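The structure appears below as structure tokens.
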Amino acid sequence: MLKAVIVGATGIVGQQFLVALKNHPWIDIVALAASERSAGRTYKEAITDAQSGALRWFCQEPPIEEVMNVPVQNATEMDVSALDIIFSAIESDQAKILEPICQR
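Counting from 1 along the sequence shown, just add 524 to a position and that's the residue number in the numbering used here.
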């Protein structure tokens, strides 16, 4: 299995990556990353609205239970050395800064 991270996992595109890669025969999502606002919380905590308690889940499919307790890392500080694939689901302005860091 190839070890992968989804950067921008808490956003709409990141959630679509999670749905598309669920039960993939070659790819194992071993890490999730997002902004420092979400970092340090579980994925479920990161996508839960603080005021209403509602999940900010934007896919038609149900949330992926296997990742709900995975801790979200700060995308700018994560160690990618043990990963095989990085899926980037972030805005282009942020990607211009972050993606060169991930190539090191």
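Backbone N, C-alpha and C fix where the C-beta goes; we use that ideal spot for every residue, glycine too.
These figures come from a predicted structure and were not determined experimentally.
In this chain, the alpha helix (DSSP H) harbouring Ala544 covers 536-545. Gly535 and Ala563 have their C-alpha atoms spaced approximately 13 Å apart. Distance from the CA of Met525 to the CA of Val554, rounded to the nearest whole angstrom, comes to 10 Å. In this structure, Thr572 lies away from Val594, with their beta-carbon atoms at least 8 Å apart.
When the alpha-carbon of Gln584 is set against those of Lys527, Glu569, Val537, Gly532, the nearest one is in Val537. For the pair Asn598 and Glu560, the Cα-to-Cα distance works out to about 5 Å. The distance from the Cβ of Ala533 to that of Ala557 is about 6 Å, consistent with a contact at the 8 Å cut-off.
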